[in-house]
Every structure is written in structure tokens, then in C-alpha cells.
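These notes concern the structure reproduced below.
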Amino acid sequence: MSRFGAVLARELRLSLRHAGDTVAALLFFLLVAALFPLAVGPAPDVLGRIAPGIVWVAALLAALLPLDRLFGADFEDGSLDLLLLCGLPAAGVAGAKAAAHWLVTGLPLLIAAVPLAEMLRLPEVALPALLAGLVPGTVLLSLLGTTGAAIVLGARRGGVLLPLLVLPLSVPVLIFGAAAAAAAADGLSPKPDLLLLAALLAGALPLCPVAAGAALRAAE
Amino acid sequence: MLQVEGVAGFRGGRLVFRDLGFTVPAGGALVLTGPNGVGKSTLLRLLAGLLPPAAGQVLWQGQDALTDLPLHARRIAYVGHQDAVKPGLTAAENLAFAARIGQVAVGVGLGAMGLSALADLPARMLSAGQRRRLALARLALSPAPLWLVDEPTLGLDARAVELFGALVSEHRARGGLVVAATHAALPLAGAAELRLG
Chain S
1 MSRFGAVLAR ELRLSLRHAG DTVAALLFFL LVAALFPLAV GPAPDVLGRI
51 APGIVWVAAL LAALLPLDRL FGADFEDGSL DLLLLCGLPA AGVAGAKAAA
101 HWLVTGLPLL IAAVPLAEML RLPEVALPAL LAGLVPGTVL LSLLGTTGAA
151 IVLGARRGGV LLPLLVLPLS VPVLIFGAAA AAAAADGLSP KPDLLLLAAL
201 LAGALPLCPV AAGAALRAAE
Chain L
1001 MLQVEGVAGF RGGRLVFRDL GFTVPAGGAL VLTGPNGVGK STLLRLLAGL
1051 LPPAAGQVLW QGQDALTDLP LHARRIAYVG HQDAVKPGLT AAENLAFAAR
1101 IGQVAVGVGL GAMGLSALAD LPARMLSAGQ RRRLALARLA LSPAPLWLVD
1151 EPTLGLDARA VELFGALVSE HRARGGLVVA ATHAALPLAG AAELRLG
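Protein sequence lines correspond, in order, to chains S and L. Here my numbering is used: the first residue of the first sequence is 1, the next is one more, and so on. Here my numbering is used: the first residue of the second sequence is 1001, the next is one more, and so on.
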């Protein structure tokens, strides 16, 4: 566990030092979402209707941004060897990377979703459901993204391949996440969608690090 | 004791060596030599468990070493041909991870390779030789008995080579093992040599 903490601390220290990359994902999230009122018009009923979808799609795209460098930088400068030799199983290294991705990208997105939903005139009753969906949703995006990043590691044009791999895998997350907020806006219970998201998380939490770990070992 | 029996290794889908066998006793050192491309680095990565051997066995104290990779990793301190130094972090911060894993103070590693004065300097301001010293300083922070080093003295000045030599002899005096791939003469007294290719 202390080794897991050491990898996590290392990742957080690096993210803090390269704060520009971290803030870039957040700004991208806000900017993408801010384009929609400009494109579809500011009519509150239309915007409020599609707000959950906008927030979710923007979060999905923003979470993709830092994935390319998640393992890429360590792969190029030889640090990945040190991580794999730190005494943690490869799945543990991948898990720590996913945790760091969530803390640095997922959590800020979750927080920024509040003013964004307000800006897009999401009905107030739907906000708790949107956030309750984003909590497991952003963790899922971090797990799936880490797995995708590990799989394309070492491949030429990995950066192009990565979204093609991760976006289809994220479709169920997007569907249930947006559906939860939409249901709440219509006065229905978001519980079934949230439970399905939780079920996805329960599956991804043990499986994604194992898959990513195996991919890291094969990347050399 | 490290024993290697009949290993074969691939690099980029090409067989670079086969039927390789050697033994390194406790306190021993083995120097891998040979022309470029004969698989010295591949062999080191294979010993570290970063690459699976295509054939043969790697034994540690008579037991198959590569069945439990996380356990094997704890026996190893590896310095590859890349320095694995992050330019955005200071010299001390670059060692913090290794120090935490090895549960040793960062200063021990910096002192061992004569980098104490540069502790708070961002690594991007270090010269190539100083970065190499920083990479080698990780060895001093590791309690692992088996050191695997790839071209350790590349770019080092005479003083740093001496420091590295002292570090290694101290490690061997404690019963540690060293396997080094090199083209240059290393300050390793009584080291066995394995010529590849």
C-alpha cells in the first residue's frame, strides 16, 4: 500500500509541476460546453433540455486530453521501467495512474460541472442527479482511459488510436450518465441509471487495472 | 546468487542471443561486453523481469525468479540506458520516489554521487553527466541485492566514475551482486566478463 501511495504521490507531484496541462483539460471542458449556447441559441428550454448531454460529452472529451501523456512521457524517458520495478504488480501501477488521473482531471471536471450546468440552465432538480452520475462516471472514464492509454502505448500514432479505442468503450457511461440527469429533469427517479453506472464501476474497478497492467508489460 | 540457464532473448521480433548461461555469486560482478546490437540491454531487461525470456530460466538462490515479478522487482535496482529523470522536478524530487520505496533519505543518494550541492536545482538545468549521476544515485537508495546497470559510466567524468566504483564496491562488500553492460572499462575489481555476439 505504501508503494501505491508512493506512485500516487509521484504522479500528483508531477501534475502539480506541470499545472498547465491540468488546467488545460479543465478549460477545454468549459470551452466545449460554452460553444453549445452559441451554436444552438440561448433559448432556456432547448438548452436546459440538452444540458446533461452537453456536460457529459464535454467531460468525456476533456478526460481524453491528458491520456496521451499518461504513460507516454514515462515510456519515452525510461521512468516506466522504474515504475514497473517499484515492487508493485503492473496492475497496481496502472491503478495508481488511474487514481491520479481521476484526482487531477476527473475531480476538477466534477466540480466545474456545477457552474457549467447553471450556465446551460439545467433544471435545478436535475443537478444532484447529474453530479451523482458524474461521480462514478468520471472514475469510469479514468479507468477506461488508463486502460486505453496502456494498450496504445508504444504503437505509432497512438495518440490518434486512443480516442478510437476509448470513446466506444465509454458509450454506456455516457448513456446512463446523461439519462440519469434527464430523468431527474423530467421528474422521474434517476436511481435505475445511477445503479447501472455503479454496476459498470463495480466491473471496471477490478478489471481495468488488470488489463492496463498486462498492456504495460507488453508495451516494451 | 543469480543463475541463468539457457536463456534466449528477442528484441523487436529478432532473436539476439540464445543458450546463454552464467552464474553470479553473492558479492560478485559480471560485465557484459560486445558490439552494439548483440543484446546486452535486452539481457539486462530480461534479468529485471521487464522482458519475458523466450527460453531458459533465471534462478535466484536456486528458485525460478520470474514467476513472481513484483517480488523479483524488490530484489532489483535497475538503471537503464535512459536516465528516467524528469526535467521539471529538482534533483532531490527526482530521487524522492526511489527514496520512499527504499525507505532511505534522499540525501544519501545525492551524497553518494556527489550531487548534494545540486539538490534544489531543476533537473533540466543539469548536464548530461549530472543526469547520469542522478540516475545512478537511485542505486544508493535501494536496498535491493541485485544491481542491473546499462552503460553506467556513459558521460561521467573521472571523479564520478570513482564515486560509482566506491558505491559498487560497498554494495558488493555487503554481499550484493552487480551485472553491468558496458563498452568502457568499469571500476569493478575481480569482475567476470561475458562477451556476447
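Virtual Cβ for every residue (Gly too), placed ideally from N, Cα, C.
query: Looking at the C-beta of Arg1133/L, does it have a partner C-beta in chain S at a distance below 9 Å?
result: no
- request: Starting from Ala1029/L, follow its DSSP beta bridges and name the residues at the other end.
  value: The partner list for Ala1029/L (beta bridge, DSSP) reads Val1178/L.
task: Flag this pair as yes or no: are the beta carbons of Leu1167/L and Leu1148/L separated by less than 9 Å?
output: no
task: Let me know if Ala1029/L comes out buried or exposed under the rule of 16 or more other beta-carbons within 10 Å of its beta-carbon.
output: Per the 10 Å Cβ criterion, buried.
- request: Compute the distance between the beta-carbons of Gln1003/L and Thr1023/L, then report whether it is under 9 Å.
  value: Yes, the pair counts as a contact, with Cβ atoms nearer than the cut-off.
- prompt: For chain S, is any of its Cβ atoms less than 9 Å away from the one on Lys1086/L?
  reply: Taking 9 Å as the threshold, the shortest C-beta distance from Lys1086/L to chain S falls below it.
field: Where Thr1153/L falls: helix, strand or coil (DSSP)
entry: coil
task: Using three-state DSSP, classify Val1104/L as helix, strand or coil.
output: coil
- prompt: To the nearest whole angstrom, what separates the beta carbons of Leu201/S and Pro136/S, a pair I think is in contact under 8 Å?
  reply: 4 Å
query: Which class does Leu1146/L belong to by DSSP, given the choice of helix, strand or coil?
result: The answer is strand: DSSP assigns Leu1146/L an E or B state.
message: Run through chain S and tell me which residues come within less than 7 Å of Asp1064/L, C-beta to C-beta.
response: What Asp1064/L touches in chain S: nothing, since even the nearest Cβ is about 17 Å away.
task: Using a Cβ cut-off of 9 Å (strictly closer), state whether Asp1157/L contacts chain S.
output: no
task: Go ahead and label Thr146/S buried or exposed: buried means 16 or more other beta carbons lie within 10 angstroms of its beta carbon, across all protein chains shown.
output: buried
message: Nearest by alpha-carbon distance to Gly1155/L: which of Leu1177/L, Val1179/L, Leu1126/L is it?
response: Nearest in C-alpha terms to Gly1155/L, of all of Leu1177/L, Val1179/L, Leu1126/L, is Leu1126/L.
task: Kindly indicate the opening and closing residues of the alpha helix (DSSP H) around Glu124/S.
output: Per DSSP, Glu124/S belongs to no alpha helix (DSSP H) and is neither H nor E.
- request: Would you give the residue range spanned by the beta strand (DSSP E) that Gly213/S belongs to?
  value: Taken as a continuous stretch (DSSP letters only), Gly213/S belongs to no beta strand (DSSP E), being part of the alpha helix (DSSP H) at 191-218.
- prompt: So, does the CB of Pro206/S fall closer than 9 Å to a CB anywhere in chain L?
  reply: no
- request: Flag this pair as yes or no: are the beta carbons of Val46/S and Ala113/S separated by less than 9 Å?
  value: no
- request: Measure from the C-beta of Gly1107/L to each C-beta in chain S and report whether the shortest distance is under 9 Å.
  value: no
Members of the region 54-85 of chain S near chain L, C-beta cut-off 7 Å: Asp77, Gly78, Ser79, Asp81, Leu82, Leu84, Leu85
field: Gln1061/L at chain S interface by Cβ criterion, 9 Å
entry: no
message: Counting only Cβ pairs nearer than 7 Å, list the residues of chain S close to Ala1048/L.
response: Leu85
field: 9 Å Cβ cutoff met for Leu60/S and Val173/S
entry: yes
field: Burial state of Arg156/S (16 or more Cβ within 10 Å)
entry: exposed
- request: Quickly, what does DSSP pair Gly1009/L with across the bridge? List them, please.
  value: As DSSP reads the structure, Gly1009/L sits in a beta bridge with Phe1017/L.
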